[in-house]
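Residue numbers (the numbering used here), protein chains in the order written: chain A, 1 to 305; chain B, 1001 to 1305; chain C, 2001 to 2305. Below you'll find the structure, written out as structure tokens, and then a few comments.
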């Protein structure tokens, strides 16, 4: 089975059978990273460019390792050292890279739509590695992989997403994917951080975190973007943490088999207490492991023929 | 046929038969980047260091991809993260890198002569990837490759180079190469940006861009270095663009089969209008594609035995 | 023979037979870098992460080249582009990287103990590439390799270490290693830069550099960290250089077969005069060459089975 699209820009590019196929492929890719020799020749002679206009150790490293374990040639470009300082447009940057015949360009950008703009004009495959507050589809896929691996199926799963819903590309991509796969999503967070017509996305809004976590299979906490936060969306970090942080007390209201997830990096003690983060319900590091597998699967499916 | 020199520091290092040999070799290298598996084992076990004291996405990426497609191990060093911040001299930086036994060091530096200084003391091969206002020989070679591919031969070709001739290493390298290969070069640009005795380089100076482009095969526009420009060389960007920018009106005075080139990145709407840049006469992106091929050829000829 | 420890955090992790084994292994690794094809498949399919919280061209490049010549996949992470800017703890950064299944993490950090902290919680191998004023064990091993190669044996060797002993991780690691291997170490430097109870480390303190160098086999000069120096430890650089710099006059008091070493990068004309640095007694560049060999040996011994 092949993906219908040459790119992965948003979860909406995919249909449920494709999502299932990506997750199945990721399962066999995960096994590669557990071997003694973590390398297969699948993408030998392919060129992958990591084009990151926003810094991100985790995501860039995950894609770089994924590409290298598939034997691709991986080239990293970060905005700070790029032609961007010389005033080149994004499209020109893209077309110039394209002229060097990459097979895949992985793009992270602070502007929603930047990867799509590139995908519209470039023949190479494009993966959106996060664009503004729009989408982060590989995160949603790795989250789905992790939930499915732990819970057996996505259909019927109940998931609470908690935090700054409005500005979270992770929340958006997860909502789209989980809805598509038959899971039920509720969101919680300060009213100032939840879009007014959130129900139109097919989720329910539950103002209290305790009510939100009560009957779910998975609690997905979002990162408070302290480095971007103008601070006007909530009075103080302490207050945010008190009302919307996940701690032992809140967790005591959840089901005993609930799983705690976070896209990372976690602000310890803010959106999540240290004991919960390091506790037995947390599968945050599994998400990271699965991120490499899911990205290997996508690279293989998009450019490995 | 082997190159007589272990380095490529300036076009003057080469004789016409060597230039032809490099371009012929690049033609077969270009084919590698068009394959499904874009990789040959030619430089397996060779170490290539990209030593960039000035940022340049395009050129660094071009060399990195060229090296990786030849299976070399490529190591990137940028000035910002380098020992330079610790006050080491260029020569010491070079000798320390040499001690790790690289086969080739690709050097970009803001000072004219920096690559030559390294070449004089280091046994490894050195490629000048641009040194101050001195030379950028791989750019001239990729430009020559592109012109030859399109026009069949360099001999007899008429080329107009337009812009800041005085500060352009691209112009200098192109003038040297084109003269050597039997092409005719004229230059145009503000009087403040053209060296007084430019004719001594074997080119003619034509004050008006319209007169300069009238009867040529190739128009090579130069980049206005806005980020370096003290602005004192011309009154305003608008005025520069009006008198020396390449737009549809200027182009209407050129021959119908004229080719438009630019070393990139282009300041859209300043030295070149967007419609010309994206129009059918523009072969700017072919230059980028050919850059990888020419650099592969040079790496092979210098260190591939 | 296998190393008993999965990490190299400090010289104290090693026993003399292990040090000898590392140096013997490095001798055969050195030969790889002298071949025409500088690559062996030893670490194919292994993932090495260079995690550098302090910039260092030399050390990062040395580890990167060592890894690539052993066919490992090498991923560079520098603090400036890392999650550190997002406020993640070091432990969380480490655990997240671990989740991507690296085989080895090479860590440089400005805080003493950072690599040990990571080693305590992560199953992957850790190499300390310099931690604050604590240790830099691979430097001591490459220094030992160089001395042994030149002098035949470490036992009985007399070594003078001169400069800012207090803040030097290089001095500490060398003192531990040389003591363990039966060499005799004396130190010299301004009183403000030598710890009060330095003799407890098994070395002698000689206030005058001329007395210190008089009867030794090796003079190891330390780098004055001008970029970190608060300048309060000595009145002026000129005065430091006059009293503790190594120049021709000082060297005339040493034995004719004395060797001059320095961990680099050298401040020419400050801790060492240019003629000494470039003179026949200096083996500074051999140290750099041997650094690649010693790091290849360590990578092989720690993760190559």
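No residue lacks a Cβ here, since even glycine has one placed at the ideal position from N, Cα and C.
Span separating the alpha-carbon of residue i from that of residue j
| i | j | result |
| --- | --- | --- |
| residue 1260/B | residue 1271/B | 12 Å |
| residue 1209/B | residue 1285/B | 23 Å |
| residue 1302/B | residue 1103/B | 9 Å |
| residue 2070/C | residue 2043/C | 5 Å |
| residue 2247/C | residue 2147/C | 21 Å |
| residue 2224/C | residue 2010/C | 22 Å |
| residue 141/A | residue 294/A | 7 Å |
| residue 2167/C | residue 2187/C | 13 Å |
| residue 1252/B | residue 1190/B | 21 Å |
| residue 1020/B | residue 1169/B | 21 Å |
| residue 2015/C | residue 2008/C | 12 Å |
| residue 1235/B | residue 1226/B | 13 Å |
| residue 218/A | residue 283/A | 10 Å |
| residue 1233/B | residue 1048/B | 39 Å |
| residue 35/A | residue 300/A | 18 Å |
| residue 2197/C | residue 2134/C | 16 Å |
| residue 2031/C | residue 1094/B | 22 Å |
| residue 2111/C | residue 192/A | 40 Å |
| residue 1157/B | residue 114/A | 41 Å |
| residue 1033/B | residue 263/A | 37 Å |
| residue 1267/B | residue 2241/C | 50 Å |
| residue 1297/B | residue 1025/B | 5 Å |
| residue 2065/C | residue 1238/B | 49 Å |
| residue 1277/B | residue 91/A | 13 Å |
| residue 2004/C | residue 2013/C | 9 Å |
| residue 124/A | residue 2075/C | 24 Å |
Secondary structure of residue i, DSSP reduced to three states
| i | result |
| --- | --- |
| residue 2181/C | coil |
| residue 36/A | coil |
| residue 1007/B | coil |
| residue 1081/B | No answer about residue 1081/B holds up, because its pLDDT of 48 lies below 50 and its placement is not dependable. |
| residue 173/A | helix |
| residue 281/A | coil |
| residue 1188/B | strand |
| residue 1001/B | coil |
| residue 108/A | strand |
| residue 2268/C | strand |
| residue 2289/C | helix |
| residue 1029/B | helix |
| residue 2220/C | strand |
| residue 204/A | strand |
| residue 103/A | coil |
| residue 298/A | helix |
Proximal chain A residues relative to residue i, where beta-carbon distance stays under 7 Å
| i | result |
| --- | --- |
| residue 1264/B | 96 |
Bounding residues of the alpha helix (DSSP H) (the contiguous stretch that carries residue i)
| i | result |
| --- | --- |
| residue 2250/C | 2248-2251 |
| residue 210/A | 209-213 |
| residue 151/A | 137-151 |
| residue 114/A | 114-121 |
| residue 1068/B | 1057-1069 |
| residue 237/A | 237-244 |
| residue 225/A | That residue, residue 225/A, is in no alpha helix (DSSP H); it is neither H nor E in DSSP. |
| residue 1093/B | 1090-1098 |
Where the beta strand (DSSP E) through residue i begins and ends
| i | result |
| --- | --- |
| residue 2076/C | 2073-2078 |
| residue 1052/B | 1047-1052 |
| residue 2126/C | 2125-2131 |
| residue 2259/C | 2259-2261 |
| residue 160/A | 158-162 |
Contacts that residue i makes with chain A (C-beta to C-beta distance below 9 Å)
| i | result |
| --- | --- |
| residue 2044/C | 37, 39 |
| residue 2065/C | Within chain A, no residue comes near residue 2065/C; the closest Cβ sits about 16 Å away, beyond 9 Å. |
Within chain B, partners of residue i - CB distance below 9 Å
| i | result |
| --- | --- |
| residue 77/A | 1057, 1060, 1061 |
Any non-hydrogen atom of the ligand COA closer than 6 Å to residue i Cβ
| i | result |
| --- | --- |
| residue 2027/C | The ligand COA is not among the ligands present in this structure, which contains no ligands whatsoever. |
Contact set between residue i and chain A, taken where Cβ atoms lie within less than 8 Å
| i | result |
| --- | --- |
| residue 1268/B | 89, 92 |
Residue i: contacting residues in chain B (beta-carbon distance under 7 Å)
| i | result |
| --- | --- |
| residue 2187/C | Correct list: empty, because the minimum Cβ distance to chain B is about 23 Å. |
Residues that residue i contacts on chain C, provided the C-beta gap is smaller than 7 Å
| i | result |
| --- | --- |
| residue 33/A | 2101 |
Neighbour list for residue i in chain D, Cβ cutoff strictly below 9 Å
| i | result |
| --- | --- |
| residue 1246/B | Chain labels in this structure do not include chain D; the protein chains are A, B and C. |
Interface partners of residue i on chain C, CB under 8 Å
| i | result |
| --- | --- |
| residue 285/A | 2095, 2096, 2098, 2099 |
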